Each structure stands twice: as structure tokens, then as C-alpha cells.
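Its first residue numbered 2, the sequence shown is counted upward by one per residue in this note's numbering. Note that beta-carbon positions come from the ideal geometry of N, C-alpha and C, so glycine has one too. Fair warning: this is a prediction, and the values are worked out from it, not measured in the lab. Below is one structure, written out as C-alpha cells; comments come after it.
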Amino acid sequence: MFDLFEGMKRGNKKQREAYTTIKELCIFDELSIYNPILCGTIPIGIDLDNSDLDIVMDVKDLRLFEKKLDAFYGDKPGFTMKRKIIRGREVVKANFLSNNFELELFGQNQSTYFQNAYLHMIIEHVLLKDHPTLKDKVIDLK
């Protein structure tokens, strides 16, 4: 399994800032029981100026998860939280702002390693590693 998060502390400026933001929020510590994984474009370096930090988690008890999110991050600017059904699964999404980043914490009852955001990121990462010339083309398409 890939863990691109730790590599971000040695990445580009935005990756280093994102790493610091997530560390300051203690997300991976406070929510460690949910096996959080940072996904999306920032860890693989194909982000745009407005790209957010997507953190997926494996959550069995959505109600308890909601309580924890509210307790830890409910006071953050722009905090919103909602439940919805995505691809037949009930999920919880919380969004808020910190250090010029929008964060999305996403929980569902599915292993983080099998969630679409993680799989999509890993496929892109492997393709870009094997074909580095695709990077600029992918960014242009966004």
C-alpha cells in the first residue's frame, strides 16, 4: 500500500504546507482508529490552486464519527458536515478551512485502501511515475 503523506514533508512548497496543516490539526492522531489516508491531487503533485485536502477514513459507526468531527473541528472556519448516500453507501463528509486549505474528511464503512479516492490517486500516481510527460497534460485537463 502507498503512503504518500510522509513524503510530502520533502515535497514542493504546497505539499510541505499541506503536510504541516494536517500535522497541526492532529487529524492522523485524533482519528487514527479510522485509518485516515490523504488522497487527491496534492500528494501526487497535480493539484491546482484551489485543490483541497481529501482525507478518507474507514468508519463503522457514523454517529460516533460525526461527534468526533464536531468536537475536534466544529469550531474551524467554514465547518459543515453532512450525511449522504454515495454508490449505495452511507457516508459522512465534513469540510472546513485551515491555513489557506479546504479540507474534506470523508468517512464510510469501507477499507480506506478500497475507497475510490484512494484507488484513483494510486492509479494516477503509478501512471505519472511511469510516464512523467503526462503530468502537464493532466494538469491542463483539470
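Given a cut-off of 8 Å on the beta-carbon distance, is the pair residue i and residue j in contact?
i: Leu106; j: Met58; result: yes
i: Thr113; j: Asn51; result: no
i: Phe97; j: Gly108; result: no
i: Tyr119; j: Cys40; result: yes
i: Thr81; j: Ala95; result: yes
i: Arg90; j: Asn117; result: no
i: Ile1; j: Gln16; result: Residue 1 lies beyond the stretch modelled for the chain, which goes from 2 to 143, so this question has no answer here.
Alpha carbon to alpha carbon, how far is residue j from residue i? Give it in angstroms, no decimals.
i: Met9; j: Asp62; result: 30 Å
i: Ser99; j: Lys24; result: 11 Å
i: His121; j: Asp76; result: 31 Å
i: Lys13; j: Leu128; result: One point to set straight first is that residue 13 is Asn, not Lys, in the sequence displayed. Cα-Cα distance, rounded: 20 Å.
i: Lys85; j: Phe115; result: 19 Å
i: Arg64; j: Tyr74; result: 15 Å
i: Glu125; j: Phe29; result: 23 Å
i: Phe11; j: Ile87; result: The sequence as given places Arg at residue 11; Phe does not occur at that position. Whole-angstrom Cα-Cα distance: 34 Å.
i: Lys69; j: Thr22; result: 19 Å
What is the C-beta distance between residue i and residue j, in whole angstroms, given that I count them as a contact (C-beta under 8 Å)?
i: Phe102; j: Leu54; result: 5 Å
i: Ile38; j: Ile56; result: 7 Å
i: Val92; j: Glu67; result: That pair is no contact at about 11 Å.
DSSP three-state label for residue i, please.
i: Ser99; result: strand
i: Arg64; result: helix
i: Lys77; result: coil
i: Arg17; result: helix
i: Gly108; result: strand
i: Lys10; result: helix
i: Asp53; result: coil
i: Leu39; result: strand
i: Ile86; result: strand
i: Asp59; result: strand
i: Cys27; result: coil
i: Met2; result: Because Met2 carries a pLDDT of 47, less than 50, the predicted location of this residue cannot be relied on, and no value is offered for it.
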